[in-house]
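Residue numbers (this note's numbering), protein chains in the order written: chain A, 1 to 215; chain B, 1 to 319. By construction, the Cβ of each residue, glycine as well, lies at the ideal position given by its N, Cα and C atoms. Notes follow the structure.
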């Protein structure tokens, strides 16, 4: 696990830097839209947004609360730091958007390879396509689908699994794709489905899930 | 525009001295010309619908004066270097279709190259000099009728934030692109004392303009306001444009509202509207009939939202 530890530490450091937004000089709705983009792409557990006007403070505060964060504000003169804590686990269904129903159980499926099983690679690739196609049978209990290592290749342009994954995502499933892995294979630009994620989010998801299935 | 001396003559019936939705110039004893111009940057992603909305918005100022728009000219700013000309074609097609729906002819226009796309129209209309409707003219007891639902600023912000579904986007687009023509035609048959259209200053801002200098006050009933239903939810999530806050800080001193009112609802009354509805002051005994008539003609959201009161003067009570 030494290698894994190192990766997750690097990602943690990166995490803290990236979860701060300096929205000074921006007028509404830019600060809240930037906050929304960050919360959606990274689902961080803590967010800090620096703004320099009261309306922006109010909008960012409201948005973070609507996303399940507890918020508090540090004020220094005209500067406000809106801090949101404890979010990032389960996104609130947004009004008007299709949200999956709240399931009884939360199943996380972790896909760590681009084929299923060992023995024959060609067969393994076919099985994986079939597996992804059949996953929907889990219904609402399927809560997170996570891709790591060569599993990330299932989310890129041209992958035989892409269309089925898009259908799952449109139905409201959260797909998390390991950023370090995409980077390793030089595929960051080619990902076509899911949110790029980091080890901290993956570990948090494992902790919140009722069941983790490794493929 | 303080300190500037604008030329005028005795035929100017409505001009810059008391800013209204459009200017009116008397041609003869039974004909006056209404002139207005409005253009803006895109409010929706779809160029065709942007064209429709910009045209409906420009035409609205003539309707708000009680007039009949007759001719229009295109105003275009276009970033030739980074946008395909087919986009401009679609924008103008949207404008043409809306203008045609209004029974207005397009006589020409002017385009300039610019950093960003802007589109709108200058519109000329006709009206009888005795039938001009301005923002002035409120009487005590008049009922206020609003013809389109509020919340387009908030919903457009949510669309920018990718929070709105395609269905919501289509719904709000249709509301913004709807002409105020039917409403303007229907109100000619009723004892209407004042009229304006609700746009960038929000409901409160435009009501304040109607109230100014009258020595009267207004009372608005929140639960009567027509509102795009999802707007309250989006406002609660902080999807509130900067204009809402600007409108509030400019007019809050004229508004008497319980602090306990839902903050999202407070945002609705200050929310800047794109191509909003007409706000009409009508004699109290005719108000119900007017609303029913509007609804039967397809102005489905028309509602009585409040009334003109004699006390407290200069205050908009929101209950």
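- For residue 65(A), the enclosing alpha helix (DSSP H) covers residues 54–66.
- In the structure shown, residue 201(B) falls within a coil segment according to DSSP collapsed to helix, strand and coil.
- Contact between the stretch 297–304 of chain B and the stretch 134–147 of chain B is present: 3 or more CB-CB pairs across the two stretches fall below 8 Å.
- Comparing C-alpha distances from residue 206(B) to each of 248(B), 174(B) and 90(B) shows the shortest one belongs to 248(B).
- Boundaries of the beta strand (DSSP E) harbouring residue 120(B): 118–127, taken from the DSSP string.
- Under the Cβ criterion of 8 Å, residue 242(B) is counted among the residues facing chain A.
- In this structure, residue 137(B) sits away from residue 183(B), with a CB-CB distance that is not shorter than 8 Å.
- According to the DSSP secondary-structure assignment, residue 147(A) is paired through a beta bridge with 111(A) and 177(A).
- Going by beta carbons, residue 133(B) and residue 213(B) fall outside the 8 Å limit.
- As the crow flies, the alpha-carbon of residue 115(A) is around 16 Å from that of residue 185(A).
- Contact annotation: residue 12(B) and residue 34(B) have beta-carbon atoms that are not nearer than 8 Å.
- Interface residue (Cβ-Cβ distance to chain A less than 8 Å): residue 157(B) is classified as such.
- Restricting attention to beta strand (DSSP E) runs no shorter than 3 residues, the stretch 80–152 of chain B encloses them at 105–113, 118–127 and 143–146, ordered along the chain.
- When CB distances to chain B are screened at a threshold of 9 Å, the residues of the stretch 35–50 of chain A falling below it are 35, 36, 37 and 40, in chain order.
- Under DSSP, residue 69(B) shares a beta bridge with 125(B).
- In its chain, beyond the 5 residues on either side, 151, 154 and 155 have a beta carbon closer than 6 Å to the beta carbon of residue 231(B).
- Think of a sphere of 7 Å around the beta carbon of residue 146(A): no beta carbon from chain B falls inside it, the nearest being about 23 Å out.
- In this structure, DSSP gives residue 233(B) a helical state, which the three-state scheme calls helix.
- For residue 48(A), the enclosing beta strand (DSSP E) begins and ends at 46–51.
- Annotation for residue 56(B): 98, 177, 179 and 275 place their beta carbon closer than 6 Å to its own, counting only its chain and skipping 5 residues before and after.
- Exclusion of the five residues before and after residue 173(B) leaves 44 and 49 as the residues of its chain whose Cβ lies within less than 6 Å of its Cβ.
- The stretch 149–215 of chain A contains, as complete alpha helix (DSSP H) runs of 4+ residues, the segments 162–170, 179–184 and 199–208 (chain order).
- Residues of chain A whose Cβ lies closer than 8 Å to the Cβ of residue 236(B) are, in chain order, 62 and 66.
- Interface with chain B (8 Å Cβ-Cβ cutoff): residue 19(A) is excluded.
- Interface flag for residue 301(B) against chain A is unset, since no Cβ pair is found closer than 8 Å.
- Beta bridge pairing from DSSP links residue 279(B) with 146(B) and 196(B).
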